[in-house]
Structures are given as C-alpha cells and as structure tokens.
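**Student:** Per the working numbering, the very first residue in the sequence shown carries number 2; after that it's consecutive.
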Amino acid sequence: YVKRGPIGLLGNKGATAVRLDFAGTSLCFVSAHFQAGDKKLQSRIKDYDVINGKLYFNNPKSKRISNHDLIFWFGDLNFRLDDLSAQDIVEILAKPPLQQSIDELLTKDQLRRSMKAGDVFSDYNDLRPTFKPTYKYTVGTNDYNLKRKPAFTDRVLYRKRKENLTVNQITYASNDDIKISDHKPITALFNIL
Numbered sequence: 002y003v004k005r006g007p008i009g010l011l012g013n014k015g016a017t018a019v020r021l022d023f024a025g026t027s028l029c030f031v032s033a034h035f036q037a038g039d040k041k042l043q044s045r046i047k048d049y050d051v052i053n054g055k056l057y058f059n060n061p062k063s064k065r066i067s068n069h070d071l072i073f074w075f076g077d078l079n080f081r082l083d084d085l086s087a088q089d090i091v092e093i094l095a096k097p098p099l100q101q102s103i104d105e106l107l108t109k110d111q112l113r114r115s116m117k118a119g120d121v122f123s124d125y126n127d128l129r130p131t132f133k134p135t136y137k138y139t140v141g142t143n144d145y146n147l148k149r150k151p152a153f154t155d156r157v158l159y160r161k162r163k164e165n166l167t168v169n170q171i172t173y174a175s176n177d178d179i180k181i182s183d184h185k186p187i188t189a190l191f192n193i194l
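In structure tokens:
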C-alpha cells in the first residue's frame with residue numbers, strides 16, 4: 002500500500018493493490034482514493050504518479066504495477082467536471098436522452114482531459130459511463146447535494162500489455178439502491194480471453 006494523506010503519514014488517501022498470475026497472465030488490481038476537491042487536479046495527478054512509482058510487490062517478474070500484463074485501477078479517483086456549476090450539471094442531466102447528457106458532461110471531465118494530455122493514466126482505457134455522476138449525493142437519498150458539484154469521481158480503468166489478450170467489458174454500472182454514502186457505488190464485469 003501507499004499512503005497519500007497529509008504529509009504522507011496519514012492513510013486517509015492512497016492505494017492498496019493485489020496481484021496474481023493466472024493461465025500465464027499477470028494481473029494487478031489497484032484500489033485507490035485520490036485527493037478530493039474541485040481545484041486539486043494537480044494533487045490527483047501527483048497521487049497517481051507517486052502510487053504508480055512506489056507500490057511494489059515481492060515478485061521478481063512483476064515488481065511494479067506497470068510490469069503486469071493486465072492492470073485494473075478503480076476507486077474514488079476524485080476527478081471532477083470543469084467549467085460547469087452544480088446547477089449547470091443538474092440541468093444537463095435533466096435533458097433526454099440520458100446517455101447524450103452523460104457524454105456532454107464527459108467533455109468537461111478532468112480525468113479524460115488529463116488522460117488525453119498524457120498527464121495521468123495515458124495508456125489506460127477509461128470505461129464509458131452509462132450512469133449519472135456518482136458523487137455528491139445527500140445520504141439516504143438519490144438526490145444530489147448541490148453544496149458540491151456532481152462528478153464521475155468513482156471510476157474503473159484498465160490497461161493491457163499483452164497483444165494477444167482480449168478484454169471485453171460486460172457491464173459498467175452504478176447502484177442507486179445503495180444510499181449509505183454521498184457516493185453511489187460502481188461495478189464492472191469483464192470477460193478476459
């Protein structure tokens with residue numbers, strides 16, 4: 002694990018990971034929680050860089066995250082939507098069809114913009130959300146808490162190194178039935194061949 006809290010000593014942010022070898026393929030799963038806040042983009046990029054550089058395994062073939070054949074990064078990556086107010090986001094989401102509204106919001110997504118610029122996760126695949134932003138909800142409801150801007154903070158990304166490896170996304174969803182957090186949990190299912 003790697004701690005990324007205040008002065009690098011507290012573990013309220015950071016990542017943990019597991020790895021395994023299966024059928025000749027090395028897999029790595031990284032669960033991360035990056036720095037929060039609309040204006041903390043550079044801190045999130047730094048979180049990625051530090052975690053990617055410092056998280057090691059006791060395996061001679063796959064010591065670093067990047068040495069694995071297939072890597073999944075997921076969690077509260079905390080990337081936000083730029084250039085829009087909370088009210089703008091809610092109004093865009095109210096326009097049908099929903100997927101078109103989601104795609105419009107994703108043009109303002111810090112993660113996608115940073116990936117395109119090569120600042121973070123540049124060789125990863127970011128799954129296309131088919132669900133509304135997963136943050137920030139009023140606990141116990143499906144209503145946004147507009148004290149913060151809604152955003153796609155919770156994500157799943159993957160990267161493969163093996164050319165002969167096929168990764169098919171089966172599902173990628175959020176769960177509106179769970180209301181015990183200001184986030185909606187997400188799930189993803191893949192078929193790996």
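We put the CB at the ideal spot given by N, CA and C, even for glycine.
Bear in mind the structure is a predicted one, so any value in this text is a computation, not a measurement.
Helix, strand or coil: which one does DSSP assign to SER86?
**Tutor:** Working through the sequence shown from its first residue, we reach residue 86 at position 85. Residue state, collapsed to three classes: coil.
**Student:** Mind the definition here: the segment 37–52 touches the segment 88–107 only if three or more C-beta pairs lie below 8 Å; say whether that holds.
**Tutor:** The segment 37–52 is not in contact with the segment 88–107.
**Student:** Taking just the CA atoms, how far does LEU147 sit from LYS163?
**Tutor:** Taking the sequence shown and counting its residues from 1, the one referred to as residue 163 is at position 162. Taking the sequence shown and counting its residues from 1, the one referred to as residue 147 is at position 146. Cα to Cα, the separation comes out at about 43 Å.
**Student:** Given that a residue counts as buried once 16 or more other Cβ atoms are within 10 Å of its Cβ, and exposed if not, what is PRO130?
**Tutor:** For the purposes of this step, residue 130 is taken as the residue at position 129 of the sequence shown. So PRO130 ends up on the buried side.
**Student:** With distances taken from CA atoms, which of ILE181, ASP183, LEU166 and THR139 is nearest PHE23?
**Tutor:** Residue numbering aside, residue 23 sits at position 22 when the sequence shown is read from its first letter. Among ILE181, ASP183, LEU166 and THR139, the Cα nearest to that of PHE23 belongs to LEU166.
**Student:** Please determine, among LYS109, VAL168 and LEU194, the residue with the shortest C-alpha to C-alpha distance to ASN126.
**Tutor:** Numbered from its first residue, the sequence shown carries residue 126 at position 125. Closest option to ASN126, Cα to Cα, is VAL168.
**Student:** Hey, could you find the ends of the alpha helix (DSSP H) LEU42 is sitting in?
**Tutor:** For this step, residue 42 is matched to residue 41 along the sequence shown. Where LEU42 is concerned, the enclosing alpha helix (DSSP H) stretches over 42–55.
**Student:** Would you check if there are 3 or more beta carbon pairs closer than 8 Å linking the segment 61–73 to the segment 107–116?
**Tutor:** No, the segment 61–73 is not in contact with the segment 107–116.
**Student:** Going by CA-CA distance only, name the one from LYS150, LEU194 and LYS64 that's closest to GLN79.
**Tutor:** In the sequence shown, the residue the question calls residue 79 occupies position 78. Before going further, note that residue 79 is Asn rather than Gln in the sequence given. Taking only the C-alpha atoms, the option nearest ASN79 is LYS150.
**Student:** Return helix, strand or coil for VAL121, following the three-state DSSP convention.
**Tutor:** Start at 1 with the first residue of the sequence shown, and residue 121 comes out as number 120. Three-state DSSP puts VAL121 in coil, outside helix and strand.
**Student:** Would ASN175 be called buried (16 or more neighbouring beta carbons within 10 Å of its own) or exposed?
**Tutor:** Counted from its first residue, the sequence shown places residue 175 at position 174. It should be noted that the sequence gives Ser, not Asn, for residue 175. So SER175 counts as buried.
**Student:** Among residues of its own chain, excluding the 5 on either side of ARG65, which ones have a beta-carbon nearer than 7 Å to its beta-carbon?
**Tutor:** The residue labelled residue 65 in the question sits at position 64 within the sequence shown. Result list for ARG65: TYR57, in chain order.
**Student:** Can you tell me where the alpha helix (DSSP H) holding ILE181 begins and where it ends?
**Tutor:** Counting from 1 along the sequence shown, the entry for residue 181 is found at position 180. Per DSSP, ILE181 belongs to no alpha helix (DSSP H) and is neither H nor E.
**Student:** Could you round the C-beta distance between ALA189 and TYR173 to whole angstroms and report it? I think they count as a contact, below 8 Å.
**Tutor:** For this step, residue 189 is matched to residue 188 along the sequence shown. For this step, residue 173 is matched to residue 172 along the sequence shown. Confirmed, Cβ separation roughly 5 Å.
**Student:** Using DSSP with H/G/I as helix, E/B as strand and the rest coil, what is VAL91?
**Tutor:** Residue mapping note: residue 91 aligns to position 90 of the sequence shown, counting from 1. Helix.
**Student:** Check whether the Cβ atoms of ASP124 and ARG160 lie closer than 7 Å to each other.
**Tutor:** Locating residue 124 in the sequence shown gives position 123, counting from the first residue. Locating residue 160 in the sequence shown gives position 159, counting from the first residue. Going by C-beta atoms, ASP124 is nearer than 7 Å to ARG160.
**Student:** Nearest to LYS185 by alpha carbon, out of ILE171, TYR138, LEU158 and SER102?
**Tutor:** In the sequence shown, the residue the question calls residue 185 occupies position 184. With distances taken between Cα atoms, LYS185 lies closest to TYR138.
**Student:** Just reading off the beta strand (DSSP E) that ASP22 is part of, what are its end residues?
**Tutor:** One-based indexing of the sequence shown puts residue 22 at position 21. Per DSSP, ASP22 belongs to the beta strand (DSSP E) from 15–23.
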